[in-house]
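These notes concern the structure reproduced below.
There are 2 protein chains.
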Amino acid sequence: MRSYSTSILAHLFGIIAIIFMLVWLLHYREGIEYDSDFPPRVFNVHPFLMFFGFIFLVGQAILAYHTVPGTHETQKVIHMTLHFIAIILGIVGICAAFKYHDMVDMADVYSLHSWIGIGTFCLFGLQWLFGLTFMIQGSRQSRAALAPWHIAGGRALFYMAICAALTGLMERYTFLKLLPHQRESRLINLTGLAILLFGVFVDMTVTLAHFG
Amino acid sequence: MRSYSTSILAHLFGIIAIIFMLVWLLHYREGIEYDSDFPPRVFNVHPFLMFFGFIFLVGQAILAYHTVPGTHETQKVIHMTLHFIAIILGIVGICAAFKYHDMVDMADVYSLHSWIGIGTFCLFGLQWLFGLTFMIQGSRQSRAALAPWHIAGGRALFYMAICAALTGLMERYTFLKLLPHQRESRLINLTGLAILLFGVFVDMTVTLAHFG
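First to last, the protein sequences are chains A and B. The end of the first sequence is residue 212 by UniProt numbering, with every number in the run present. The end of the second sequence is residue 212 by UniProt numbering, with every number in the run present.
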């Protein structure tokens, strides 16, 4: 399989991003806890679940067609199930941001990050429902006709989710009033780069597989 | 051509993004002038050239294979030439940011935006050189073998450039200390969304064309 090396790189950068983010949230920041009375701990659930719970799992679901051994039907069920788990964890992650805004009395959904994030997530839900409907009900022909649109739309949404993550990191960086040459600033930048490269290598794997 | 509708949407959102950005920089901000003594006017060259000069032209270069009538060779020359112009304008745009930093005595290249931007631009230059070398010197076989990598790499770089643009808008929004519900804030967010959708529809056109 020609695209094998890029899917390994995708895993590598995905895992690096998770580790960097955990070091950031657990060591430099206040920790991660949804039921805490301390607002920053509640907020930290948001970046963690949106990357590890949502983007990372969605990336794995996309890669499933290239990394999971077994029939196409098996891969399809894994693809669908991973997306379902990702959406559930994503909902919890989004709720954490709203809960935090309530606790500190901040406005909701005004930034570019939140517009991209909410828009992407809603379209993701629709894309999943359409995918499920056609998996269960669609004829062989209608499935074949819609597959290119499902793939093109899914790739676009994955890439929009990465944009949401990077704008979110920029927003948090500003909110925390970090200084440019502080260690934590560099760690946040490196986390962003790892997230970006995870997206790049998932996307390259799909492109290369089309020529495979 | 199946991907026709998405390439029209790409053009639509690309043009909307240019118009929104011009309204922002000329009406709400100080205008655009590289040789000005007034630092904000120099800075404004940066977002304008990085989107209109670089990202928009790169998107057009990618779409050239699907929108320009004529032989594959003609499309290839247009693809290469548009990229060349984009790189030149991109260099001027990057110089404007450095010139501005010098004028107001600000640190260079510390933010996530600048890391993504500089990294993407350097890799873009390399990708262009490789592409040119193979266009001139490569055998038919070596070109066919490398085409999937050129396409996968090019798409990834285009998507990295969009991420650079969006993180850049977030950075400028913060720097200007705009308030959430100000008109200018909404205009910047809408510009960001238009840039994102330009990227989405260019990318979808390429995916759909692979199945075409």
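Just so it is clear, CB atoms sit at the ideal spot from N, CA and C, and this is done for glycine as well. These numbers were taken from a predicted model, which means no experiment stands behind them.
Extent of the continuous alpha helix (DSSP H) run through residue i
i, result
"leucine 190 of chain A", "183-211"
"leucine 178 of chain B", "Run containing leucine 178 of chain B: none; DSSP gives neither H nor E here."
"histidine 46 of chain B", "39-48"
"leucine 63 of chain A", "56-67"
"threonine 6 of chain A", "4-22"
Residue i at chain A interface by Cβ criterion, 8 angstroms
i, result
"threonine 207 of chain B", "yes"
"glutamate 184 of chain B", "no"
"methionine 50 of chain B", "no"
"threonine 71 of chain B", "no"
"glutamate 171 of chain B", "yes"
"histidine 101 of chain B", "no"
"aspartate 203 of chain B", "yes"
"phenylalanine 211 of chain B", "yes"
"alanine 107 of chain B", "yes"
"alanine 61 of chain B", "no"
"leucine 57 of chain B", "no"
"aspartate 79 of chain B", "A quick correction: the sequence has histidine, not aspartate, at residue 79 of chain B. No, histidine 79 of chain B lies away from the interface with chain A (no Cβ there is under 8 angstroms from its Cβ)."
"leucine 178 of chain B", "no"
"tyrosine 28 of chain B", "no"
"tyrosine 110 of chain B", "yes"
Within-8 angstroms CB hit, residue i to chain B
i, result
"tryptophan 24 of chain A", "no"
"proline 39 of chain A", "no"
"valine 45 of chain A", "no"
"leucine 196 of chain A", "yes"
"isoleucine 116 of chain A", "yes"
"isoleucine 188 of chain A", "yes"
"arginine 155 of chain A", "yes"
"threonine 174 of chain A", "yes"
"methionine 1 of chain A", "Confidence in methionine 1 of chain A is poor, its pLDDT being 47 and thus under 50, which makes the residue's placement unreliable; the coordinate value appears in the next sentence. By this cut-off, methionine 1 of chain A is not an interface position."
"cysteine 163 of chain A", "yes"
"histidine 66 of chain A", "no"
"valine 104 of chain A", "no"
"isoleucine 151 of chain A", "yes"
"histidine 83 of chain A", "no"
Neighbour-count burial assignment, residue i, 16 or more Cβ in a 10 Å radius
i, result
"phenylalanine 20 of chain A", "buried"
"phenylalanine 51 of chain A", "buried"
"alanine 147 of chain B", "exposed"
"arginine 41 of chain B", "buried"
"threonine 71 of chain B", "exposed"
"residue 223 of chain A", "As shown, chain A starts at 1 and ends at 212. That puts residue 223 of chain A outside it, with no answer to give."
"residue 270 of chain A", "Given that chain A is displayed from residue 1 to residue 212, the structure contains no residue 270 of chain A and the question cannot be resolved."
"residue 214 of chain B", "Chain B is shown only over 1 to 212; residue 214 of chain B falls outside these bounds and no answer can be derived."
"glutamine 60 of chain A", "buried"
"methionine 1 of chain A", "Its pLDDT being 47, under 50, methionine 1 of chain A is placed unreliably in this model, and the value from its coordinates should be taken loosely. It is exposed - the Cβ of methionine 1 of chain A has fewer than 16 other Cβ atoms within 10 Å."
"phenylalanine 175 of chain A", "exposed"
Cβ-Cβ separation, residue j to residue i (assumed contact under 8 angstroms), whole Å
i, j, result
"phenylalanine 158 of chain A", "valine 202 of chain A", "7 angstroms"
"serine 7 of chain A", "leucine 63 of chain A", "5 angstroms"
"histidine 113 of chain A", "threonine 167 of chain A", "4 angstroms"
"leucine 178 of chain B", "glutamate 171 of chain B", "About 12 angstroms separates the two Cβ atoms, so there is no contact after all."
"phenylalanine 43 of chain A", "alanine 96 of chain A", "7 angstroms"
"residue 257 of chain B", "phenylalanine 121 of chain B", "For chain B, the structure presents residues 1 to 212; residue 257 of chain B sits outside this window and is missing."
"glycine 93 of chain B", "leucine 49 of chain B", "3 angstroms"
"leucine 193 of chain A", "tryptophan 115 of chain B", "6 angstroms"
"methionine 204 of chain A", "glycine 131 of chain A", "Actually they do not touch by this definition, with Cβ atoms about 23 angstroms apart."
"isoleucine 85 of chain A", "leucine 57 of chain A", "6 angstroms"
Residue i at chain E interface by Cβ criterion, 8 angstroms
i, result
"methionine 160 of chain B", "Reference to chain E is not applicable here, since the protein chains of this structure are A and B."
*In the region 91-157 of chain B, which residue ranges form an unbroken alpha helix (DSSP H) of at least 4 residues, counting only runs that do not cross its ends?*
When DSSP assignments are scanned along the region 91-157 of chain B, the uninterrupted stretches of alpha helix (DSSP H) that are 4 or more residues long and fall wholly within it turn out to be 112-137.
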